[in-house]
Amino acid sequence: PNDIGSARLDRSQLQYLDPKYLTFNNGDVRYKNLKLNVFCAMDVAWSDSNLADYTAIAVIGVDSEGFIYILDLDRFKTTKFHVYYDAAVSLQSKWGFRRMKVESNAGGKLVAQEIENLVRKNGGNLVIDCQHSSGNMGKKQERWAAILEPKYESKSVYHFKGGLMSIYEEELMSSRPRHDDIKDAVCMAIEISKSPSGSRKLTLKD
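Start counting the sequence shown at 10; every next residue gets the next number (our numbering).
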């Protein structure tokens, strides 16, 4: 268990999206009329054990001012390749990202290869980028401290309320969460994210 004193962040640093400002138009995603570059990452859990971690997928958007929006989350337990594939392409269909990062440790490499095979067989256009975590990338806690926590401390991240976002908040608030799969996926997505260049803010209409 984690007491309040063990929390890495506090709830005053959480900020929430207002769904009415999120718009879609032919693959163009905007928040308050600022164009978002959309990125996706999958943290793979590969085990037949019911005690295994979840596989988690995070979709984020980044605007030209550097704000990050956690747009969607998914998590599940499976060892069936088509389940990984279905989850990935479902989110791609909704948000329009072209690439997905998969951390290819243990079974992650096999999952990435099979997703690529199914994308090709089904005529899709999702590109899978694999990255193997090496020792010099630092431990999870160090990566969270270097990548994720400063974004919250500077109040640069927004997310929705409820659903899996509530579980994500629990992971954020704890230095040693029971599960850290969603937090890992969000961290991976932020690592690869870039702000749009040359985008301009439109005038909001009432």
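Ideal placement from N, C-alpha and C gives every residue a C-beta, glycine not left out.
| Check | Outcome |
| --- | --- |
| Residue burial classification, residue 24 (beta-carbon count within 10 angstroms, cutoff 16) | exposed |
| The beta strand (DSSP E) enclosing residue 117, as first and last residue numbers | Where residue 117 is concerned, there is no enclosing beta strand (DSSP E), although the alpha helix (DSSP H) it sits in stretches over 117–130. |
| Three-state secondary structure assigned by DSSP to residue 26 | coil |
| Span of the alpha helix (DSSP H), counted from its first residue to its last, around residue 190 | 190–201 |
| Cβ-based burial, residue 27 [other Cβ within 10 Å; buried from 16] | exposed |
| Cα-Cα separation between residue 29 and residue 40, rounded to whole angstroms | 9 Å |
| Supposed contact pair residue 199 and residue 77 - C-beta distance, whole angstroms, cut 8 Å | 6 Å |
| Check whether residue 194 and residue 66 have beta carbons under 8 Å apart | yes |
| Residues sharing a beta bridge with residue 51, DSSP | 66, 111 |
| Between the CA atoms of residue 135 and residue 281 - distance to the nearest angstrom | Examination of residue 281 is not possible in this model, given that the chain is present from 10 through 215 alone. |
| Residue 47 vs residue 75 beta-carbon contact at 8 Å | no |
| Option in 51, 197, 35, 179 with minimal Cα separation from residue 117 | 51 |
| Residue 173 versus residue 80: straight-line alpha-carbon distance, rounded | 11 Å |
| Spatial distance of residue 127 from residue 94 (CA atoms) | 7 Å |
| Residue 221 vs residue 186 beta-carbon contact at 8 Å | What is shown of the chain runs 10 to 215, which leaves residue 221 out entirely. |
| Three-way DSSP call (helix, strand, coil) for residue 43 in this model | strand |
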